[in-house]
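Step one of this worksheet: look at the structure below.
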Amino acid sequence: MAGLDSSGHAGEEMGLHTEPLKGRDIKTMFSLENEGGYAYAFAPDVDFNKRGSVDCQDKEATEINNEIRDLIKSGHGTIVLENPGAKHSIIVGILHRMNFIVNGSLGYFGCGLLDGPMVRISGRVGWSFAENMMAGVCVVEKNAGSTFGAAIRGGDLVCKGSVGSRTGIDQKGGTILVGGDTGAFSGFMMQRGRMVVCGNAGKNLGDSMYDGTIFIGGEIQDLGVDAVPAELTDLDKAWLTRKLTQYEMMPDKGVDHFTKIVAGKQLWSYDNLEPSEKKLVL
1 MAGLDSSGHA
11 GEEMGLHTEP
21 LKGRDIKTMF
31 SLENEGGYAY
41 AFAPDVDFNK
51 RGSVDCQDKE
61 ATEINNEIRD
71 LIKSGHGTIV
81 LENPGAKHSI
91 IVGILHRMNF
101 IVNGSLGYFG
111 CGLLDGPMVR
121 ISGRVGWSFA
131 ENMMAGVCVV
141 EKNAGSTFGA
151 AIRGGDLVCK
161 GSVGSRTGID
171 QKGGTILVGG
181 DTGAFSGFMM
191 QRGRMVVCGN
201 AGKNLGDSMY
211 DGTIFIGGEI
221 QDLGVDAVPA
231 ELTDLDKAWL
241 TRKLTQYEMM
251 PDKGVDHFTK
261 IVAGKQLWSY
271 DNLEPSEKKL
281 VL
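Just so it is clear: in the sequence shown, position 10 is 10 by my numbering, and no numbers are missing.
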């Protein structure tokens, strides 16, 4: 993983920059013998055609999650949750590919720490949905609370309705798609990845963002520190068209009206600035 560089690739034009990535070798965490690609060595063998269900009525979160894990251990690759009742901390820490269908709404901290599953939720979700998601797809058909996709690292996180404030706070990768509006401080301290909001954005959009790209289809109340407009390129339009079409979220007027927001990079060297220069940046 050391020294990865996007120089000379189309990704650089879309706002994916060239800082080196260093750290622990990802191969130490995964089994390289898995035919479908990288997978955790402890990932259970599941059959996507084997479907199980959990009735969440009158059950606590711990009991529901234990039933989910028992079904996974017995080889169920598709699990349906009935009567979820907006309970908190459901479907968390699932680290392999499988399907979840939620017929209803989830509460706070649903679908946190996922690495691979596909989740479809017919209702709403509460605060901090899909926090620290690493891979997979989560689709919410209605609205979501604040801190939607906090610290997300990968995968596609989709809300077809509107979301609260601080969407994608500390986003480190992946893609967040919102069909409606987003609240204040969305993209706060964003580090990588892309955020697409088809509606309006609240105050301080992209405040203190370090990298990454935000696309807004509606009005922006104001921009945060070091968030600046950028040119919407043909490559951006092609990617937006493909992504929004994939989730049936394409606006009637297409993608040409989207505003692109990136980091101004004034904060990259903030510690080296003189006191008078720091005041100008902030």
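Positions of the beta carbon are idealized from the N, C-alpha and C atoms, including for glycine.
Determine, for residue 235, whether the minimum Cβ-Cβ distance to residues of chain C falls below 8 Å. Among the chains of the structure shown, chain C does not appear; only one protein chain is present.
Excluding the five sequence neighbours on either side, which residues of its own chain have a C-beta within less than 6 Å of the C-beta of residue 198, listed in chain order? Within the same chain, and ignoring the five residues on either side of residue 198 in sequence, the residues whose Cβ sits closer than 6 Å to its Cβ are 179, 217, 251.
Checking the sheet assignment: what are the DSSP bridge partners for residue 47? 76
Going by DSSP, which residues form a beta bridge with residue 118? 99, 137
Would you mind sorting residue 221 into buried or exposed? The rule is 16 or more other CB atoms within 10 Å of its CB. exposed
Determine, using beta carbons only, whether residue 183 and residue 209 come nearer to each other than 8 Å. no
I need the DSSP call for residue 245, collapsed to helix, strand or coil. Reduced to three states, the DSSP call for residue 245 is helix.
Please report the straight-line C-alpha distance between residue 66 and residue 139, rounded to a whole angstrom. 23 Å
If you compare alpha carbons, which of 97, 165, 96 is closest to residue 129? Residue 129 has its Cα closest to that of 165, out of 97, 165, 96.
Taking the C-alpha atoms as reference points, what is the distance between residue 21 and residue 246? Because the pLDDT at residue 21 is just 48, under 50, the model does not fix this residue reliably, and the value given afterwards should be weighed accordingly. Roughly 30 Å separates the two Cα atoms.
First and last residue of the uninterrupted beta strand (DSSP E) at residue 215: 213 to 216
Judging by CA-CA distance, which residue of 232, 238, 249, 254 is the nearest neighbour of residue 260? 232
Mind pulling the beta strand (DSSP E) runs of 3 or more residues that sit fully within the segment 122 to 189? Counting only runs of 3 or more, we get 135 to 140, 156 to 159, 172 to 178.
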